[in-house]
Amino acid sequence: MRTWAIAAGVVAGVSLILGIISRILLVPISFGFVTLEAITFLRFTNTCLLAAIFLTALRIAEAK
């Protein structure tokens, strides 16, 4: 479960960086046929961080 929490944190970090770059440049980032705005990356960052916090709290609760 620790691995999943770390993975969610890393994905959130990458998504945050892409969101900030997209926000600074005022240009959506395109992945082939999909174009994503900055707000999409930032909302996905929030979701990943929430998952990482939940998994960490679950791991702590299981340890007790």
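In this note's numbering, the protein residues as written are 104 to 167.
Note that beta-carbon positions come from the ideal geometry of N, C-alpha and C, so glycine has one too.
Fair warning: this is a prediction, and the values are worked out from it, not measured in the lab.
Please go through the same chain and pick out, in chain order, the residues whose beta-carbon is closer than 6 angstroms to the beta-carbon of residue i, but skip the five residues on each side of it.
i: L158; result: M104, W107, A108
i: L129; result: none
Just to confirm my understanding: we take residue i, look at its own chain, exclude 5 residues before and 5 after, and list those with CB closer than 7 angstroms. What are they?
i: A141; result: G122, S125, R126
i: I132; result: L121, S125, L139
What is the DSSP secondary structure of residue i, reduced to helix, strand or coil?
i: I134; result: Note that residue 134 is Phe in the sequence shown, not Ile. Three-state DSSP puts F134 in a strand.
i: L129; result: coil
Name the DSSP bridge partner or partners of residue i?
i: L139; result: I132
For residue i, which residues of its own chain have a beta-carbon under 8 angstroms away from its beta-carbon, when the five flanking residues on both sides are left out?
i: R162; result: M104, R105, A108
Just to confirm, are residue i and residue j a CB contact at a threshold of 7 angstroms?
i: F134; j: S118; result: no
i: A115; j: L152; result: yes
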